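Scroll down for the structure; my scribbles are underneath it.
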Amino acid sequence: MPATPLTDDQIAKALEGLPGWHVENGELTAAYKSGRADIVPFYAAVAAAEDEADHHARVTILYGTISFALNTHDAGGAITEKDTALASTIAALAAGHDATVTARSTG
33 MPATPLTDDQ IAKALEGLPG WHVENGELTA AYKSGRADIV PFYAAVAAAE DEADHHARVT
93 ILYGTISFAL NTHDAGGAIT EKDTALASTI AALAAGHDAT VTARSTG
C-alpha cells in the first residue's frame, strides 16, 4: 500500500522537532558538518538505519558536509511519515557523531 503524503500543516509540525531540516524543492532536507573522517562512520550509521527502515535518502558528501534529501517514491515523490521518521533518526545519529547542522543546501 502506498504511503500517504503529509499535508503542509503536518510537515510544519514535524519540522518543529527537526532543527535544521526544511522543505526544499519538494524534499525534506538537511545538511550536517563534521570532520571529513568522521562523516564516514556517521553515514555508515545512517545507511544501517535506512536499510532497517527500508527507506533511503539521497545523500551528497562534499568535503566536511553531508546532505540528506528525503521524499517517498511510493507517494509520488511527496513527503510522508517515512521521511519525517528517517529525518528524526538521522538527527539523533548526527548528535551521537558530533555532526552539526549547517545551512548548506542539498542542491
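Residue numbers (this note's numbering): 33 to 139.
We put the CB at the ideal spot given by N, CA and C, even for glycine.
Bear in mind that the values here come from a model prediction, so they are computed numbers and not experimental data.
- Judged by DSSP secondary structure, residue 116 falls within the alpha helix (DSSP H) whose first and last residues are 113 to 128.
- By the Cβ test, the segment 66 to 79 is not in contact with the segment 35 to 45, since fewer than three Cβ pairs between them sit closer than 8 Å.
- About 4 Å separates the Cβ atoms of residue 101 and residue 59, confirming a contact at the 8 Å cut-off.
- By the neighbour-count definition (other C-beta atoms within 10 Å, threshold 16), residue 46 is a buried residue.
- Here the C-alpha atom of residue 81 lies approximately 14 Å from the C-alpha atom of residue 129.
- Put simply, of 53, 57, 50 and 62 the residue whose alpha carbon is nearest the alpha carbon of residue 92 is 62.
- Here residue 87 is buried. Its C-beta has 16 or more other C-beta atoms within 10 Å.
- Per DSSP, residue 101 is one residue of the beta strand (DSSP E) stretching across 97 to 102.
- In this structure, residue 75 sits near residue 98, with a CB-CB distance shorter than 8 Å.
- Residue environment for residue 132: exposed (fewer than 16 other C-beta atoms within 10 angstroms of its C-beta).
- Just so you know, the alpha carbons of residue 122 and residue 96 end up roughly 16 Å apart.
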